[in-house]
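For the sequence shown, this note's numbering gives the first residue as 661, with consecutive numbering after it.
Here's the structure, in structure tokens; my notes come after.
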Amino acid sequence: MSLYKDEKAFLYPVITHPNHSHLFEDQCAFRLTSSTTSTTATMIYLLQKLTELLQIHDYVHVIALDFSKAFDSVRHHSFVSKLADFALPDYLHNWIVHNLSSRHHQTKLSGEVSSMLAINSSIIQGSALGPVEYVFTASDLHTVFPTNYLCKYADDTYNTNTQLIPHELQHISEWASANDLNLNKAKSQEMIVCLPRKRRNFANLFTTIGINRVDKLKILGVTVSNTLTFITT
């Protein structure tokens, strides 16, 4: 059996299936596209949402959230449990479960070998299954309020609306905790975006606790200012 062939034949089509596509519509990375296409799609999604929101709001909060070592922390049993909610061939589901079961790690340093330790989390780096495992793990992370938006790219998530920020961050933190992930506020950033003609001083505006506010944000290698201009370095 070719795992990569079956991955494309059964796992990725689930993402675009009419019964499930709504669960993945805010997931930009790790779909069946090239990395360049994923990056471009993410930027287009963000700019479109921001442009739409700025038609009815004077400003919008963009919060770039970082999950610490997300790939290393994905719990196998959580992923398998979520996978069971989707219609997959039994043999493929069982193969994935078997592939993640009874995995161990051993370290060798200066001729000394450690004892074997069980691995019950992390996706298998470099494997064909690794990226789509993360997509399924994050499939149930969504905003609490429909007026807010998420854009998920790997272990970075962008929240593009101003309303009810504390509630959304609490919800995301609880989701992360339930999935053995850590929302790293120290590496997260907030930028308040407005149109150039409506530029104003936001110093006294609500500040998201624990997240640093910036005037420009590097998104997937592209630096964007708080007036939606691109900055070249």
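Glycine included, C-beta positions come from ideal geometry on N, C-alpha and C.
Keep in mind the model is a prediction, meaning the values are calculated, not measured.
Contact defined as beta carbons within less than 8 Å: I believe Ser799 pairs with Leu683. What is the distance between those atoms, to the nearest angstrom? If you number the sequence shown from 1, residue 799 lands on position 139. If you number the sequence shown from 1, residue 683 lands on position 23. Correct: roughly 5 Å between the Cβ atoms.
Please classify Leu888: does DSSP put it in a helix, a strand, or coil? Stepping through the sequence shown from its first residue, residue 888 is reached at position 228. Here DSSP, grouped into helix, strand and coil, assigns Leu888 to coil.
Does the Cβ-Cβ distance between Ile716 and Glu850 come in under 7 Å? Numbered from its first residue, the sequence shown carries residue 716 at position 56. Numbered from its first residue, the sequence shown carries residue 850 at position 190. No, they are not a contact pair.
Cβ-Cβ distance between Tyr813 and Cys688 below 7 Å: Along the sequence shown, read from residue 1 onward, the residue named residue 813 stands at position 153. Along the sequence shown, read from residue 1 onward, the residue named residue 688 stands at position 28. Going by C-beta atoms, Tyr813 is nearer than 7 Å to Cys688.
From Ser738 to Pro856, what does the alpha carbon distance come to, in whole angstroms? Locating residue 738 in the sequence shown gives position 78, where the first residue counts as 1. Locating residue 856 in the sequence shown gives position 196, where the first residue counts as 1. Ser738 and Pro856: Cα-Cα distance of roughly 45 Å.
For Arg763, which residues from the same chain have a beta carbon less than 6 Å from its beta carbon, with the 5 sequence-adjacent residues on both sides left out? Within the sequence shown, the letter at position 103 stands for residue 763. Result list for Arg763: Ile779, in chain order.
Inter-residue Cα distance where the pair is Glu828 and Cys811: As a position in the sequence shown, residue 828 is number 168, starting the count at 1. As a position in the sequence shown, residue 811 is number 151, starting the count at 1. In this structure, the alpha-carbon of Glu828 lies about 14 Å from that of Cys811.
Could you tell me which residues DSSP puts in a beta bridge with Ser728? Residue 728 sits at position 68 when you count from the first residue of the sequence shown. By DSSP's assignment, Ser728 forms a beta bridge with Asn842.
Where Val882 sits in the DSSP three-state scheme: For the purposes of this step, residue 882 is taken as residue 222 along the sequence shown, with counting starting at 1. DSSP, reduced to helix, strand and coil, places Val882 within a strand of the structure shown.
Pairwise C-alpha distance: Glu772 and Ser761: The residue labelled residue 761 in the question sits at position 101 within the sequence shown. The residue labelled residue 772 in the question sits at position 112 within the sequence shown. Cα-Cα distance, rounded: 26 Å.
Opening and closing residue of the alpha helix (DSSP H) in which His682 lies: The sequence position of residue 682 within the sequence shown is 22, counting from 1. Membership of His682 in the alpha helix (DSSP H) is indicated by the continuous run 681 to 684.
Through-space distance from Ile756 to Pro749, alpha-carbon basis: For the purposes of this step, residue 749 is taken as residue 89 along the sequence shown, with counting starting at 1. For the purposes of this step, residue 756 is taken as residue 96 along the sequence shown, with counting starting at 1. Taking the straight line joining both Cα atoms gives about 11 Å.
Minimum length 3: unbroken beta strand (DSSP E) runs contained in the stretch 730 to 805: Segments of the beta strand (DSSP E) lying fully in the stretch 730 to 805: 763 to 765, 777 to 779.
At which residues does the beta strand (DSSP E) containing Val674 begin and terminate? Position 14 of the sequence shown, counted from the first residue, corresponds to residue 674. Run containing Val674: none in the beta strand (DSSP E); it sits in the alpha helix (DSSP H), 672 to 676.
In the DSSP assignment, what residue or residues form a beta bridge with Gln849? Numbered from its first residue, the sequence shown carries residue 849 at position 189. Answer is Ala724, Asn872, bridged to Gln849.
What is the DSSP secondary structure of Leu707, reduced to helix, strand or coil? Residue 707 sits at position 47 when you count from the first residue of the sequence shown. Looking at Leu707 - three-state DSSP - the assignment turns out to be helix.
Neighbour-count burial assignment, Val804, 16 or more Cβ in a 10 Å radius: Reading the sequence shown from its first residue, position 144 is the one you call residue 804. Counting Cβ neighbours within 10 Å, Val804 comes out exposed, since fewer than 16 surround it.
Among residues of its own chain, excluding the 5 on either side of Lys876, which ones have a beta-carbon nearer than 8 Å to its beta-carbon? Indexing the sequence shown from 1 puts residue 876 at position 216. Sequence-distant partners of Lys876 (beyond 5 residues in either direction) whose C-beta falls short of 8 Å from its own C-beta, in its chain, are Met851, Thr883, Val884, Ser885, Asn886, Ile891.
Asn844 and Ser728 - do their beta-carbons sit closer together than 7 Å? Taking the first residue of the sequence shown as position 1, residue 728 is located at position 68. Taking the first residue of the sequence shown as position 1, residue 844 is located at position 184. Asn844 is positioned such that its CB atom lies closer than 7 Å to that of Ser728.
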